[in-house]
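Structure first, commentary second.
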Amino acid sequence: MALKTIGAYDFPSRSRQELYGEDQMVHVWWRDNPWLCAAVTQRAPRSMTFGDFWSQVLVPWAGTDPELAEGKDWSDFEWTLGGEPFVPDPQKSLADLGIAHKATLSMRGAAA
116 MALKTIGAYD FPSRSRQELY GEDQMVHVWW RDNPWLCAAV TQRAPRSMTF GDFWSQVLVP
176 WAGTDPELAE GKDWSDFEWT LGGEPFVPDP QKSLADLGIA HKATLSMRGA AA
């Protein structure tokens, strides 16, 4: 089926990196989680360490899940970045880990 348009799309994205300064948007998806069934987009500084991203951004978002209530931390999960296996380093910044603007970071419970 042919696609009909009213013209070329020639507008800058309203969510492009330059609009966020030092910050960036990170899509986070807790795969196979029945409590948090959809991904979320979080805003965080590119210079934030992964450890701080976990404790200051992800835990407040996902803290109602029983797995986190049991005291699990980031190292108890299997991670992917853009669909590829990923091993977070809590001391490195998001930028140093290759987590770019609008990247998709996913986690899955080790038992899943």
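Counting from 116, one number per residue, gives the positions in the sequence shown under this note's numbering.
Ideal Cβ placement from N, Cα and C applies to all residues, glycine included.
Exercise. If we count the other Cβ atoms within 10 Å of its Cβ and call it buried at 16 or more, is SER221 buried or exposed?
Worked result: buried
Problem set entry | Where MET116 falls, given that 16 or more other Cβ within 10 Å makes a residue buried | Residue burial annotation: MET116 is exposed, with fewer than 16 other C-beta atoms found within 10 angstroms of its C-beta.
Problem set entry | Pairwise C-alpha distance: LYS217 and VAL141 | 5 Å
For this session: Could you say which of LEU134, ALA123, GLN206 lies nearest to ASP167 if we only look at CA atoms?
Result: GLN206
For this session: Label LEU118 either buried or exposed according to how many other C-beta atoms from any shown protein chain fall within 10 Å of its C-beta, with 16 as the threshold for buried.
Result: exposed
Exercise. Of all the options GLY186, ASP147, ASP204, ALA159, which has the alpha carbon lying nearest to the alpha carbon of GLY224?
Worked result: ASP147
Exercise. Below 8 Å, can you find three or more Cβ-Cβ pairs linking the segment 160–176 to the segment 197–214?
Worked result: yes
Problem set entry | Nearest-angstrom Cα separation, counted from ARG158 out to ALA177 | When rounded, the distance between both Cα atoms is 15 Å.
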